[in-house]
Every structure is written in structure tokens, then in C-alpha cells.
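Residue numbers (this note's numbering): 51 to 583. Beta carbons are placed, not taken as given, at the ideal position from N, Cα and C, and that holds for glycine. Computed from a predicted structure; not experimentally measured.
Encoded structure:
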């Protein structure tokens, strides 16, 4: 009887022979096995729905085809068969369904045999092979679970948490060097006098034109307090200058504000660890500058893909005195949480309008749903993206990371955001004429918005047809920067009576936004009640 996870190559060699021949480009099988074991276990324990490790691992082995499309794998009873061009390469005794270590050993054995058979697999690095395995595994689960190899993971962590660098964004390497496309405000580069359009030609005396773009990034980053010497050609004078820059923690800005005739127009581009504090500072500056002339706040979330959950919660709390902000529900014991507002923030009394579009997702939707359901904001735009799942980021033994879906968001009134998104009170999907008609209908009390929102809040996650019809009432579109939407929002904030009427339309009826009553799954309405708005 063959031992669990053992490999029997078709050519007749034993498992011992299979595992002793590891090509030099894949030189750390123990670390690879630890990474595979860890990854399979994490999926089995934390993913939103239960996934047997056997299923995850088999999809991972099939991922070899991402490197060489002649490779395939299939399970035949208690065996896993690896094929190349429909010719069997090796057979393996399947491990127990939830034996992570056993399936990791089997995957590593399959990698070894595939690398013997396929030149493309042989030439691929360890990172590339593991990326193909985990990409295939996670793609089988949902569009938002994903794997990042170590180099990409480091960049991801830097974007989330900030990084020790100089604070520039740049384009690809050209004949002269690298063009600086953006100098981040209040960064070391800004303080050193670098400007957009400057050409970076040397880093610590080394010519940039001889580097890969990844190497440029590596050399610009370093320990906090360390120095890097840059040679730049100035955009305006075309003179070459040498500049010494002291590296520091850089967190990309995500909040930008303009003050226009009593309105604080605040654009939020993402949610990193500094976004909530930056928004609070912007509101503080608006109050200081305008005092009693501050008519309200416009939060522009169009095109915002989301980011950190805790930042969305803190930003909602800034405008809410009490009530539920968001709750999450998942299979893992730590995946189910609830977050409530607390009183005492400086923006709880300010009229508020939010702009959203079809690219407003995740944390943007949490913020919009919380402020709409709590009666704190009028939402203008199109249906948001409908990305209502929570991802946990797991650092892997190889320094890569796995982003894994593990729970769903629920709005204060209890509806699941996933696949539905946020329904604007004023829909701009069909242009200005429709918006004007909607405002007239709202003023006259004849708008279908309230009825549609009631259906929206009562729809259960399983009612896919109903949710599809609801989304069709205000089709999701990508609007980006639409000055007419911004003007509409600002005019609404200046007209307090109209603002109050529109705000009242979006208030939940019969639901308790503090406790989340009216929870999804208790719908008594029918699909026939849906009206276009």
C-alpha cells in the first residue's frame, strides 16, 4: 500500500528520487513546503465558506498551467494524476481531505515532477511557481481573494502602512533616467526641493538607466533616518544637481480639500492608516476658516476602491453621534464583529452629502451605507460597486501574503452590501434631466426612492434576482470627476429646506439603526414593488 501523499512517477522512479532532484532555481523545498502547508491551512480555517484542503490543493496543482498550458492535474479516486500534453507524468496517493501537510508534500512532489518534464516550469523561480499555485487556488474561491509574492507583498505593506523612503512617484526608465511624476506633500523629497517633472539620473552615484525599475525602488527606500544622494536634471532649467535626502516614513495622502462658497469639498482617494486623521484635520481647518459660514461637507468617494476597515469606521464616527456603523459576519470566530459610533466628534452637526459611482467600493461603501442608514447624509451618484466582503491579510512564511475573504459587511439596517452596494438617494445614472425630475418628485412627495430603499434594506443575500432588479433602478456607472454632480451636491447643501426633504427620504422606516433591526432576510415585500428612480 502506498503511503499517504506518496508519489509514483510514471517513469518508475520512487518518491525519494522525486524529492531529491530539485532544480537550482527552486532551491528551498523546506520553506516552500512550510508556505504551502500554511496557505492550505489558512484557507481551510479562515475562508468565508468551508473549503476542503484537498479541493484547494488540487486547484493549486492545476495552476501549473499558468506557466505551461500543457500541464494539467486531475483526481481519479484516491490518486492525483499529473499530465503533460495528456500524457501521464506521475501519480500520487491523495492525502486526507483536510491534511494540510500531506497536500503540501504532494504539491511539492508535483512541482518537482513538472519541473523535470516542462522547460517552462524548470525555468520558473520558486516565487513564480508558488504564485501560480496560490493564484489558481484563490481564483477558484472569489474575485477578491488573492496572493502576492514577496516583492509585491512588500509594496502592498508599504501602501497600507507607509514606508521609509523619500516620497516620490515616478515613471518607467527613459533614455535619461526616471521622470518624477509626483512629489508627495510633506515628504522628504518635497522638503529637499524635488519637483514633478525632474529627471532622476543617479542614486548614490549609480546610473539609473542601468537599473530595473524594481531596483530603483529598492535603492530609494531604506531605514528611517538614513540618507540617499540623488542626481536630478531639473525640469525647468535642465541643469543637473545633486541632492541629499533623508529617508522618513511616507504615507501617501488620500484626502484633499477645497473650500468653495461655504462648502468643504473633500476628495477621498483611498483608505490608508492616515485617512481618518487627515479627514478630521480637514474638517477642523474648514471650521476654522469659515466658522458659521460653513454650510456643510461634500465627501467625494467617486472612484475610491476602499482600503482599511478601521479607517472607514473612524470616518463614519466623525459624523455620527450614536448608532451602528457596520457589522461583519463570517465563519471564523474573529470574523464577526460590530462597530458603533460614540458622541463627541467635531462634525456631528454638519450637513453632509456623499458622491459615489460604480467604482466606489469596500470601505467607501461602508462609509456611505453607515451615513445614509443613520440619517446623516444624502448620497448622490450611481449604485456603488457592491464589494461587501471583508478580506484578512495573512503574512506567509516566505514573506508573501494571502488576502483571504473571511466575512461579509452588513449596513446599520442589516442588509448585506455584497452584490448590492449602496443605492443613492439621488441617482445620476441617466443624467441631469433625470436628477431634476427626481428632486421635483422628492419635493412633491412622489418619489419612488423611499420604497426602493425599503426593498433594498430588506433584501436577503440569497435573493439574487431581487438584488439584480434593485441595482437596475440606478445602474452602476463610472463617473470619475463630474462637475455637474459636484455642483448639484453643493447647491443641495446651500438649500437647507431641500436638503432636509431629501435627507428624510432616505431615512429607514421602522428600522432601528442602533441595533440593526430590520435585518436582511425578513423581507415581506415583492419584486413587483420595485420602481425605477
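Endpoints, alpha helix (DSSP H) assigned at residue i
i	result
residue 265	263-270
residue 518	514-522
residue 330	325-340
residue 90	79-96
residue 541	533-544
residue 179	176-189
residue 306	From DSSP, residue 306 is part of no alpha helix (DSSP H) but of the beta strand (DSSP E) over 305-310.
residue 502	499-508
residue 104	103-112
Residue i to residue j span [Cα, whole Å]
i	j	result
residue 291	residue 316	37 Å
residue 72	residue 79	Note on residue 72: pLDDT 39, under 50, position unreliable in the model; the coordinate value appears next. So the alpha carbons of these two residues sit roughly 8 Å apart.
residue 384	residue 322	22 Å
residue 124	residue 333	58 Å
residue 606	residue 149	Here the chain covers residues 51 to 583 and nothing more, so residue 606 does not appear.
residue 252	residue 281	5 Å
residue 234	residue 248	14 Å
residue 159	residue 446	20 Å
residue 584	residue 116	Lying before the first or after the last residue shown, residue 584 is absent from the chain, which here runs from 51 to 583.
residue 328	residue 284	31 Å
residue 430	residue 307	19 Å
residue 507	residue 540	27 Å
residue 262	residue 475	49 Å
residue 197	residue 121	21 Å
residue 509	residue 558	14 Å
residue 391	residue 403	19 Å
residue 84	residue 154	8 Å
residue 296	residue 227	21 Å
residue 127	residue 110	18 Å
residue 266	residue 459	39 Å
residue 211	residue 303	12 Å
residue 246	residue 289	15 Å
residue 184	residue 448	13 Å
residue 177	residue 204	14 Å
residue 386	residue 440	10 Å
residue 188	residue 157	15 Å
residue 378	residue 388	6 Å
residue 397	residue 409	26 Å
residue 180	residue 194	18 Å
residue 464	residue 232	42 Å
residue 360	residue 286	43 Å
Per-residue DSSP class, three states only, for residue i
i	result
residue 372	coil
residue 354	coil
residue 426	coil
residue 133	strand
residue 549	helix
residue 468	coil
residue 198	strand
residue 295	strand
residue 168	coil
residue 443	strand
residue 117	coil
residue 74	Unreliable placement is indicated for residue 74, whose pLDDT of 40 sits below 50; no coordinate value is reported for it.
residue 316	strand
residue 241	helix
residue 493	helix
residue 321	strand
residue 61	Residue placement at residue 61 is flagged as unreliable, the pLDDT there being 36, under the threshold of 50; the coordinate-derived value follows with that caveat. Residue 61 falls in the coil class under three-state DSSP.
residue 432	coil
Any C-beta of chain D under 8 Å from that of residue i
i	result
residue 381	The structure shown contains no chain D; it is built from a single protein chain.
Opening and closing residue of the beta strand (DSSP E) in which residue i lies
i	result
residue 221	218-223
residue 586	Not covered by the structure: residue 586. The range shown for the chain is 51 to 583.
residue 281	277-283
residue 396	Counting along the chain, residue 396 falls outside any beta strand (DSSP E), and DSSP gives it neither H nor E.
residue 148	No beta strand (DSSP E) holds residue 148; DSSP gives it neither H nor E.
residue 454	451-460
residue 233	228-233
Presumed contact (8 Å Cβ cut-off) between residue i and residue j, rounded CB distance
i	j	result
residue 366	residue 421	6 Å
residue 182	residue 87	Incorrect: roughly 17 Å between the Cβ atoms, too far for contact.
residue 472	residue 478	That pair is no contact at about 14 Å.
residue 417	residue 371	At roughly 16 Å, the Cβ-Cβ gap does not stay under 8 Å, so residue 417 and residue 371 are not in contact.
Distance cut-off 7 Å: residue i Cβ against heavy atoms of the ligand ATP
i	result
residue 431	The ligand ATP is not part of the structure shown, which contains no ligands of any sort.
For the segment 89-102 and the segment 445-461, state whether three or more C-beta atom pairs, one from each stretch, are separated by less than 8 Å.
The segment 89-102 is in contact with the segment 445-461.
Under 8 Å: do the segment 123-142 and the segment 218-231 share three or more Cβ pairs, one atom per stretch?
Taking a cut-off of 8 Å on C-beta distances, the segment 123-142 does not touch the segment 218-231, as fewer than three cross pairs fall below it.
Is the segment 342-359 touching the segment 529-548, taking contact as three or more C-beta pairs under 8 Å?
Two segments are said to touch when three or more pairs of C-beta atoms, one from each, lie closer than 8 Å; by this definition the segment 342-359 touches the segment 529-548.
Are the segment 252-261 and the segment 274-288 touching, with three or more C-beta to C-beta distances below 8 Å?
Judged by Cβ distances under 8 Å, the segment 252-261 makes contact with the segment 274-288, as three or more pairs qualify.
Count the C-beta pairs between the segment 487-499 and the segment 403-422 that are closer than 8 Å, then say yes if the count reaches three, no if not.
Contact between the segment 487-499 and the segment 403-422 is absent, because fewer than three Cβ pairs lie under 8 Å.
Please confirm if the segment 81-97 is in contact with the segment 128-138, defined as three or more CB-CB distances below 8 Å between the two stretches.
By the C-beta criterion, the segment 81-97 is judged not to be in contact with the segment 128-138, since fewer than 3 inter-stretch pairs fall below 8 Å.
Touch check for the segment 165-173 and the segment 423-442: three-plus C-beta pairs under 8 Å?
These segments do not touch.
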